[in-house]
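*Asks:*
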Amino acid sequence: MNAVWTAEEPATEAAPAAQPRIERETHKLEKRLCRLMGQAIVDYNMVEQGDKVMVCMSGGKDSYAMLDILLKLRARAPVSFDIVAVNLDQKQPGFPEHVLPEYLERQGVPFHIEEQDTYSIVKRVIPEGKTTCGLCSRLRRGILYRVADELGATKIALGHHRDDILQTLFLNMFFGAKLKGMPAKLVSDDGRHIVIRPLAYVPERDLVRWAAHRQFPIIPCTLCGSQENAQRKQVAAMLQEWEKKYPGRVENMFTALQNVVPSHLMDGTRYDFKGLKTTGVPDPAGDKAFDAEDIAPPIAPLLQVVRL
Numbered sequence: 394m395n396a397v398w399t400a401e402e403p404a405t406e407a408a409p410a411a412q413p414r415i416e417r418e419t420h421k422l423e424k425r426l427c428r429l430m431g432q433a434i435v436d437y438n439m440v441e442q443g444d445k446v447m448v449c450m451s452g453g454k455d456s457y458a459m460l461d462i463l464l465k466l467r468a469r470a471p472v473s474f475d476i477v478a479v480n481l482d483q484k485q486p487g488f489p490e491h492v493l494p495e496y497l498e499r500q501g502v503p504f505h506i507e508e509q510d511t512y513s514i515v516k517r518v519i520p521e522g523k524t525t526c527g528l529c530s531r532l533r534r535g536i537l538y539r540v541a542d543e544l545g546a547t548k549i550a551l552g553h554h555r556d557d558i559l560q561t562l563f564l565n566m567f568f569g570a571k572l573k574g575m576p577a578k579l580v581s582d583d584g585r586h587i588v589i590r591p592l593a594y595v596p597e598r599d600l601v602r603w604a605a606h607r608q609f610p611i612i613p614c615t616l617c618g619s620q621e622n623a624q625r626k627q628v629a630a631m632l633q634e635w636e637k638k639y640p641g642r643v644e645n646m647f648t649a650l651q652n653v654v655p656s657h658l659m660d661g662t663r664y665d666f667k668g669l670k671t672t673g674v675p676d677p678a679g680d681k682a683f684d685a686e687d688i689a690p691p692i693a694p695l696l697q698v699v700r701l
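Numbering (the working numbering) for the sequence shown: 394 to 701.
Encoded structure:
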């Protein structure tokens, strides 16, 4: 099953030397997107035989790319599954209601547009200048869960990518005092739905390039997308600066989310520190503090001496 979901496209005749470089790079990008999404689907068993996947479409680059690549993978997937696209029309002023239906009709994708005026609720409840993301996401979540029930969807697919997942990790650490990220697959908070994030392994820069290539009809958000000082944007800028100064650091942090060692953290509900006893048997996972021999040397110094 793994090989079918993630296999590269069949080899074709060698491209002529005069083929534009941008065309070759775009082809490589498409294969990489298919490989990364396919690998995430396999690793977390996101899509199964007979599933009806509800693809949540916001009108942004990420959800367009998620649908686009998922359609490509379905053509060669080892299982048969259905796709239905769903958009929540939140009645934002100036929202171009025709854009998504026309796009989805051209793609031949079944879709449902749910009209709910959550925009007015958010603007009425949240004071001017305060972050709207929390209330907006809770309202959207409840509506989408209901729609999933009505449509008979077995999976709810969201368009969060690798950078979103890392940003959430740092937001929870900085502002929530929790070591908590954004999982690739989870049970919804109402306990009734499986939520998946097929773009979990995909960096945002690849989605930006793919959206430009495919010329998706992007619809800007006048709620969360207009908040330039939002904490998430500040964390995103921090991660971008780290990646610029120390290439590979962001990738290592993401990989770390899949290599958790509870015995070397401090959560007593995840590891029995109180009941810890000596065994007299060497433990390869024992306390070696900082395993410097396993860490690649940094490209630039990680610590600087500041003289006051």
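Using N, Cα and C, we set each Cβ at its ideal position, and we do this for glycine too.
From this set, Gln-500, Tyr-496 and Leu-532, which residue's C-alpha is nearest Arg-509's C-alpha?
*Replies:* Position 116 of the sequence shown, counted from the start, is the residue given in the question as residue 509. A quick correction: the sequence has Gln, not Arg, at residue 509. Nearest option by C-alpha distance: Leu-532.
*Asks:* For Lys-667, count neighbouring Cβ atoms within 10 angstroms of its own Cβ and tell me buried if that reaches 16, exposed if not.
*Replies:* As a first step, residue 667 must be located in the sequence shown, where it is residue number 274. Counting Cβ neighbours within 10 Å, Lys-667 comes out exposed, since fewer than 16 surround it.
*Asks:* For the 8 Å Cβ check, are there 3 or more pairs between the region 468–483 and the region 621–633?
*Replies:* No: fewer than three Cβ pairs fall under 8 Å.
*Asks:* With respect to the alpha helix (DSSP H) encompassing Asp-482, which residues constitute its N-terminal and C-terminal limits?
*Replies:* As a first step, residue 482 must be located in the sequence shown, where it is residue number 89. From DSSP, Asp-482 is part of no alpha helix (DSSP H) but of the beta strand (DSSP E) over 475–482.
*Asks:* What residue range is occupied by the uninterrupted beta strand (DSSP E) comprising Ile-589?
*Replies:* In the sequence shown, counting from the first residue as 1, residue 589 sits at position 196. It spans 587–589 - the beta strand (DSSP E) in which Ile-589 sits, taken as one unbroken run.
*Asks:* Pair every Cβ in the region 589–600 with every Cβ in the region 491–498, then say whether three or more of these pairs are closer than 8 Å.
*Replies:* Counting Cβ pairs under 8 Å, fewer than three are found: no touch.
*Asks:* Alpha carbons only, please: which of Leu-544, Arg-428 and Asp-556 is nearest the one belonging to Gln-627?
*Replies:* Indexing the sequence shown from 1 puts residue 627 at position 234. Among Leu-544, Arg-428 and Asp-556, the Cα nearest to that of Gln-627 belongs to Asp-556.
*Asks:* Measure the CB-CB distance between Tyr-538 and Asp-583 and report whether it falls below 8 Å.
*Replies:* Numbered from 1 along the sequence shown, position 145 holds the residue referred to as residue 538. Numbered from 1 along the sequence shown, position 190 holds the residue referred to as residue 583. In contact: Tyr-538 and Asp-583 (Cβ atoms closer than 8 Å).
*Asks:* Is Leu-426 near Asp-599, with beta carbons less than 8 Å apart?
*Replies:* Along the sequence shown, read from residue 1 onward, the residue named residue 426 stands at position 33. Along the sequence shown, read from residue 1 onward, the residue named residue 599 stands at position 206. The answer is yes: Cβ separation under 8 Å.
*Asks:* For Leu-460, which option in Met-447, Pro-471, Arg-469 and Ala-470 has the closest C-alpha, if you only look at C-alpha atoms?
*Replies:* One-based indexing of the sequence shown puts residue 460 at position 67. Among Met-447, Pro-471, Arg-469 and Ala-470, the Cα nearest to that of Leu-460 belongs to Met-447.
*Asks:* For Val-595, name the three-state secondary structure that DSSP assigns.
*Replies:* Mapped onto the sequence shown, residue 595 falls at position 202. If DSSP states are grouped into helix, strand and coil, Val-595 belongs with coil.
*Asks:* Do Met-430 and Leu-466 have their C-beta atoms within less than 8 Å of each other?
*Replies:* Numbered from 1 along the sequence shown, position 37 holds the residue referred to as residue 430. Numbered from 1 along the sequence shown, position 73 holds the residue referred to as residue 466. A contact, by the Cβ cut-off of 8 Å.
*Asks:* Within the continuous alpha helix (DSSP H) that includes Met-631, where are the two ends?
*Replies:* Sequence index remark: in the sequence shown, residue 631 carries index 238 (1-based). Residues 624–638.
*Asks:* Taking Ala-550 as the reference, which of Ala-678, Thr-399, Thr-672 and Ile-434 has the closest Cα?
*Replies:* For the purposes of this step, residue 550 is identified with residue 157 of the sequence shown, where counting begins at 1. Of the listed residues, the one whose Cα sits closest to Ala-550 is Ile-434.
*Asks:* How many whole angstroms separate the CB atoms of Thr-561 and Gly-574, which I take to be in contact at a CB cut-off of 8 Å?
*Replies:* Looking up residue 561 in the sequence shown gives position 168. Looking up residue 574 in the sequence shown gives position 181. 5 Å between Cβ atoms; contact.
*Asks:* If I follow the unbroken beta strand (DSSP E) through His-505, where does it start and stop?
*Replies:* Along the sequence shown, read from residue 1 onward, the residue named residue 505 stands at position 112. From DSSP, the beta strand (DSSP E) with His-505 extends over 504–508.
*Asks:* How big is the Cα-Cα spacing for Tyr-664 and Ala-570?
*Replies:* Within the sequence shown, numbered from 1, the residue matching residue 664 stands at position 271. Within the sequence shown, numbered from 1, the residue matching residue 570 stands at position 177. Going by the C-alpha atoms only, they are around 18 Å apart.
*Asks:* Contact defined as beta carbons within less than 8 Å: I believe Lys-454 pairs with Ile-611. What is the distance between those atoms, to the nearest angstrom?
*Replies:* For the purposes of this step, residue 454 is taken as the residue at position 61 of the sequence shown. For the purposes of this step, residue 611 is taken as the residue at position 218 of the sequence shown. Contact holds; Cβ gap of about 6 Å.
*Asks:* I need the straight-line Cα distance from Pro-520 to Ala-470, nearest angstrom please.
*Replies:* Counted from its first residue, the sequence shown places residue 520 at position 127. Counted from its first residue, the sequence shown places residue 470 at position 77. Roughly 47 Å separates the two Cα atoms.
*Asks:* Are Thr-547 and Asp-660 closer than 8 Å when you measure CB to CB?
*Replies:* Residue 547 sits at position 154 when you count from the first residue of the sequence shown. Residue 660 sits at position 267 when you count from the first residue of the sequence shown. Not closer than 8 Å, so no.
*Asks:* Spatial neighbours of Arg-607 within its chain, please: C-beta separation below 8 Å, excluding the five flanking residues on both sides.
*Replies:* Residue 607 sits at position 214 when you count from the first residue of the sequence shown. The residues are Tyr-457, Ala-458 and Asp-461.
*Asks:* Assuming Leu-559 contacts Met-566 (C-beta within less than 8 Å), just tell me the rounded distance between them.
*Replies:* Looking up residue 559 in the sequence shown gives position 166. Looking up residue 566 in the sequence shown gives position 173. The pair is not a contact, with the Cβ atoms about 11 Å apart (cut-off 8 Å).
*Asks:* Quick check: is the beta carbon of Ile-536 nearer than 8 Å to any beta carbon in chain E?
*Replies:* The structure shown contains no chain E; it is built from a single protein chain.
*Asks:* Here's a check: name, in chain order, each residue in its chain whose Cβ is nearer than 7 Å to the Cβ of Ala-671, leaving out the five neighbours to either side.
*Replies:* Sequence index remark: in the sequence shown, residue 671 carries index 278 (1-based). The residue asked about is misnamed: residue 671 is Thr in this sequence, not Ala. Around Thr-671: no qualifying Cβ.
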